Structure formats: structure tokens, C-alpha cells
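A short write-up of the structure that comes next.
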Amino acid sequence: MEGLKENVLLSKYSTFRIGGPAKYLIEVSDPKELERAIEKALELDLRFLVIGGGSNILFSSKGYDGMVIVFNLGNKFLIDDNLIEVNASMPLNYLVNKLDSYTGLEWAVGIPGTLAGAINGNAGAFGGEMSDLIKKVKALEVKDRKIIERDFSKEDCNFGYRNSIFKNNPNLIITSAILELKKGNTEEIKDKIRNNLSKRILKQPKGFSIGSIFKNGDNFSAGELIEKAGLKGMQIGGAKISEDHANFIINLGDATSDDVLALIKIIKKAVEEKFSIKLEEEIKIF
Ligand SMILES: Cc1cc2nc3c(=O)[nH]c(=O)nc-3n(C[C@H](O)[C@H](O)[C@H](O)COP(=O)(O)OP(=O)(O)OC[C@H]3O[C@@H](n4cnc5c(N)ncnc54)[C@H](O)[C@@H]3O)c2cc1C
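Under the numbering used here, the first residue of the sequence shown is numbered 2, with each subsequent residue one higher.
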């Protein structure tokens, strides 16, 4: 199949810069190509994984024994009054800056990755989250080795805190979404975007990462618990718990997935022993 590559290092496809070789990898630039890639994976009896910006994924340094499909449909969107249809692979940050006459998306400035990745994990910041904006999600479902097109209403998406129906089902592949936004004052919107970006730049650790490792709880911040457990700055191999934000792990350059997983294990054990709280991963591990 054209474009299908073998033994491709996944580190290049994750903002963590960690990941061994994928048995196969293909970059697809339209929905038909996406379908053909899935059909090929089914034909080869391989598991497959569709990714966007790789900013929420820890890939194993041992690699992925299947087909990784990188979605890159281009930055297309269609505006119909306050409804905006956006391609799954649209970079979220690009969208925030393009839609500066609409209010409701300012919280997302500076979040790396694509619209689909953000819907998958119901990404959020500064009190806003993807589910606030979703009118409809279009997806492909792979079921009984067949590919069917499906529309999901907001209710069908089962959104929760950093969760959705898509998060634990790799057979649901988002192809586009219709967002509902309100028209607003561009100067005020740009101000809000600038403010949120400044706050993010101040708070967010520098270096290779995949954002917050653990979910917060109703009445706790995972980062604060990790800090109170005395783990800030702990390092295993090339992976280090950030000095700036304890819910971030930074790849200092040569970290392996085992280094990161070892830190995750230590954090979970220490937080449970000290605070009787079981931390749950926000990131996806493959
Ligand atoms: C510096 C930094 C800051 C961050 N800040 C935030 C923040 O403030 N708030 C926040 O919520 N997150 C944050 N993140 C995490 C991450 O950026 C978001 O979760 C982002 O929305 C993930 O998008 P992505 O395209 O990179 O997804 P990926 O990492 O590529 O994928 C994430 C999951 O989505 C799935 N997926 C990808 N594309 C599709 C598709 N088309 N259909 C179905 N499933 C798909 C993947 O299989 C995977 O399971 C941050 C990350 C970094 C590195």
C-alpha cells in the first residue's frame, strides 16, 4: 500500500520524544485513505492506533506491534453562522487563533495536539473543556471487521472529566466535529487568549512532556499531592518529575518508557500510602 512504512520510530510522533519502532506506520491525508489504511490493518490482522499530535501518549520504547495511523487531513473548517465544522486533525491551537471572532475556545490556547485528540480526552484548561463546545462528532466505527460512518451527538459522546466514549475504544475514529460557538468581540477575545497564554507560559514546564500525567480529583490536585509526597525533582534514567509542576514528567533527552513507568509507579504508591488516594493516569500508554 502506498505510503505504508515499516519499522518507523514512534519517538518522532510524540511530544515526549519516547517510542520504539511501529511495525507499520502510515500518514493519511483524507478520509478515504484512512479507510484504506484500516482495511489494510484488518487484512494483515494487525491492531491499529490512530494518533494526532502525540501530545498525550507514552509509546513503549520497545515499539508498537501493529499499524500506527497518523491523521493529517489539513487545516480545513467550514463556518455556518455559529456552527463550525472542523477536521479531526486540525491543530487545536491554530483553531483558537483562527476563530478569534468567536468566544468559547480561548481556554485552549497553547494546548498542543489536534481537535480529535482533544475530543478523545475531553481536554480542558482554565475552567473550559471540549465538551462545552461540541454539537456533533463524526466518526468511523470498526465493528465486525467492517467500517461504518457514525454521528455522535454531544450526549452520545459520554463526556466526563478528561474522558469520552472515544477514549477507551480505539475502534472509534473521529473524522470531524461540529462546534457551537458564540460570536464575540474580537479585541476582547484576543485579550483573553493573550492572558491565558501568558498564564500557561508561566506555569507550564519546559522540555519534552505529554502534559499532566494524572487526573485531578474533585477535591485534590494531583500535582500538589505529588509535591507534598516529596517527589518533585525525582529522576530515574532520563525521566524527571518536573521541578516546576509535579504532575509533569520531563524527558531530559534519553528517557525510555520504562523510566517514565517507574516514576509513575513510585508516585502512585507514595500518594496512596500518604494520602489514601489512588491516582489515575490521564495519559494514554501504548
Ligand atoms: C506541554 C503540554 C501541555 C498540555 N496542556 C494540556 C491542558 O492544558 N489540558 C489538557 O486537557 N491537555 C493538555 N495536554 C495534553 C494534550 O495536549 C491533549 O490531551 C491533546 O488534546 C491531545 O491531542 P493529540 O492530537 O496530541 O492526541 P494524541 O496524543 O495523538 O492522542 C491522544 C489519544 O487520542 C486518540 N486519538 C487521536 N486522534 C484520534 C482520532 N482521530 N479519533 C479517535 N481517537 C484519536 C489517540 O489514539 C490517543 O488515545 C498538554 C500536553 C503538553 C505536551
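C-beta atoms are modelled at their ideal positions from N, C-alpha and C, and glycine is treated no differently.
The model shown is predicted, which means the values in this text are computed figures rather than measured ones.
### Query
Where DSSP assigns a beta bridge to T104, which residues make up the other side?
Mapped onto the sequence shown, residue 104 falls at position 103. Per DSSP, K183.
### Query
With C-beta atoms as the reference, is M68 less than 8 Å away from K24?
Working through the sequence shown from its first residue, we reach residue 68 at position 67. Working through the sequence shown from its first residue, we reach residue 24 at position 23. Going by C-beta atoms, M68 is nearer than 8 Å to K24.
### Message
Given a cut-off of 8 Å on the beta-carbon distance, is the pair I179 and L84 in contact?
### Response
Looking up residue 179 in the sequence shown gives position 178. Looking up residue 84 in the sequence shown gives position 83. Yes, these two residues count as a Cβ contact at 8 Å.
### Query
With F78 and N94 assumed to form a contact (beta carbons below 8 Å), what rounded beta-carbon distance in angstroms separates them?
The residue you call residue 78 lines up with position 77 of the sequence shown. The residue you call residue 94 lines up with position 93 of the sequence shown. With 8 Å as the limit, F78 and N94 do not qualify as a contact, their Cβ atoms being about 14 Å apart.
### Query
Which of helix, strand or coil does DSSP assign to E292?
Not covered by the structure: residue 292. The range shown for the chain is 2 to 287.
### Query
Are the beta-carbon atoms belonging to L232 and A263 less than 8 Å from one another?
Here the question's residue 232 lines up with position 231 in the sequence shown. Here the question's residue 263 lines up with position 262 in the sequence shown. Cβ distance not < 8 Å, so L232 and A263 don't count as in contact.
### Proximity winner among E28, E130, S15 and I135, relative to M2 (alpha-carbon distances)
To locate residue 2, count along the sequence shown from 1; it is residue 1. It is E28 whose Cα lies nearest to the Cα of M2.
### Query
Which residue comes first and which comes last in the beta strand (DSSP E) that contains I112?
Stepping through the sequence shown from its first residue, residue 112 is reached at position 111. No beta strand (DSSP E) holds I112; DSSP gives it neither H nor E.
### Task
Check the C-beta distance from K41 over to L11 and give it rounded, since I have them as a contact under 8 Å.
Locating residue 41 in the sequence shown gives position 40, where the first residue counts as 1. Locating residue 11 in the sequence shown gives position 10, where the first residue counts as 1. The Cβ separation is near 18 Å, so there is no contact.
### Message
Does D152 pass the burial test, meaning 16 or more other C-beta atoms within 10 Å, or should it be called exposed?
### Response
Taking the sequence shown and counting its residues from 1, one reaches residue 152 at position 151. Its Cβ having fewer than 16 others within 10 Å, D152 is exposed.
### Message
What ranges does the beta strand (DSSP E) occupy inside the segment 166-232, keeping only unbroken runs of at least 3 residues that lie completely in it?
### Response
173-181
#### Entry: Which residues DSSP lists as bridging K1, in chain order
Absent from the structure is residue 1, since the part of the chain shown begins at 2 and ends at 287.
### Query
DSSP puts V261 in a beta bridge; with which residues?
As a first step, residue 261 must be located in the sequence shown, where it is residue number 260. BP columns for V261 are empty, so no partner.
### Task
Measure the C-alpha to C-alpha separation of K139 and G118 and round it to an integer number of angstroms.
Along the sequence shown, one-based indexing puts residue 139 at 138. Along the sequence shown, one-based indexing puts residue 118 at 117. Each residue's alpha carbon lies about 14 Å from the other.
### Task
Kindly list the residues whose CB is nearer than 6 Å to the CB of I267, restricted to its own chain and excluding five residues on each side of it in sequence; keep chain order.
The residue given as residue 267 occupies position 266 in the sequence shown. Hits under 6 Å: none found.
#### Entry: Residue nearest to G212 in terms of C-alpha spacing, selected from R18, D81, V51 and G105
Taking the sequence shown and counting its residues from 1, the one referred to as residue 212 is at position 211. Minimum Cα distance to G212 is reached at R18.
### Query
What whole-angstrom Cβ distance do S15 and I58 have, given they're in contact under 8 Å?
Here the question's residue 15 lines up with position 14 in the sequence shown. Here the question's residue 58 lines up with position 57 in the sequence shown. Between I58 and S15 the Cβ distance is about 5 Å, and since that is below 8 Å, they are a contact.
### Task
Tell me whether K137 sits in a helix, a strand or coil according to DSSP, three-state version.
Mapped onto the sequence shown, residue 137 falls at position 136. Looking at K137 - three-state DSSP - the assignment turns out to be strand.
### Task
Measure the alpha-carbon distance for N186 versus F160 and round it to whole angstroms.
Residue numbering aside, residue 186 sits at position 185 when the sequence shown is read from its first letter. Residue numbering aside, residue 160 sits at position 159 when the sequence shown is read from its first letter. Whole-angstrom Cα-Cα distance: 29 Å.
### Task
Closer than 7 Å by C-beta to S177: which residues in its own chain qualify, once you throw out the five before and the five after it? Chain order, please.
The residue you call residue 177 lines up with position 176 of the sequence shown. The residues are E86, V87, N88, A89 and K139.
#### Entry: Counterpart residues of V69 in DSSP-defined beta bridges
Counting from one through the sequence shown, the residue named residue 69 turns up at place 68. L26 and L50, per the DSSP bridge assignment.
### Message
Just to confirm, is the Cβ distance from I251 to S222 under 8 Å?
### Response
What you label residue 251 is simply residue 250 of the sequence shown in a count that begins at 1. What you label residue 222 is simply residue 221 of the sequence shown in a count that begins at 1. Cβ distance not < 8 Å, so I251 and S222 don't count as in contact.
#### Entry: Beta bridge counterpart(s) of E273 as assigned by DSSP
Start at 1 with the first residue of the sequence shown, and residue 273 comes out as number 272. DSSP lists no partner for E273.
### Query
Nearest-angstrom Cα distance between E150 and G75?
Position 149 of the sequence shown, counted from the start, is the residue given in the question as residue 150. Position 74 of the sequence shown, counted from the start, is the residue given in the question as residue 75. Between E150 and G75, the C-alpha separation is close to 20 Å.
### Query
Within the present structure, is the beta-carbon of G239 separated from the nearest heavy atom of ligand 1 by less than 7 Å?
Position 238 of the sequence shown holds residue 239. It does not: the Cβ of G239 is nowhere closer than 7 Å to a heavy atom of ligand 1.
### Cα-Cα separation between F249 and K216, rounded to whole angstroms
Position 248 of the sequence shown, counting from 1, holds the residue named residue 249. Position 215 of the sequence shown, counting from 1, holds the residue named residue 216. Their backbone Cα atoms lie some 11 Å apart in a straight line.
### Query
Roughly how many angstroms separate the alpha carbons of D66 and D46, rounded to a whole number?
For the purposes of this step, residue 66 is taken as the residue at position 65 of the sequence shown. For the purposes of this step, residue 46 is taken as the residue at position 45 of the sequence shown. Using only the alpha carbons, I get a separation of about 11 Å.
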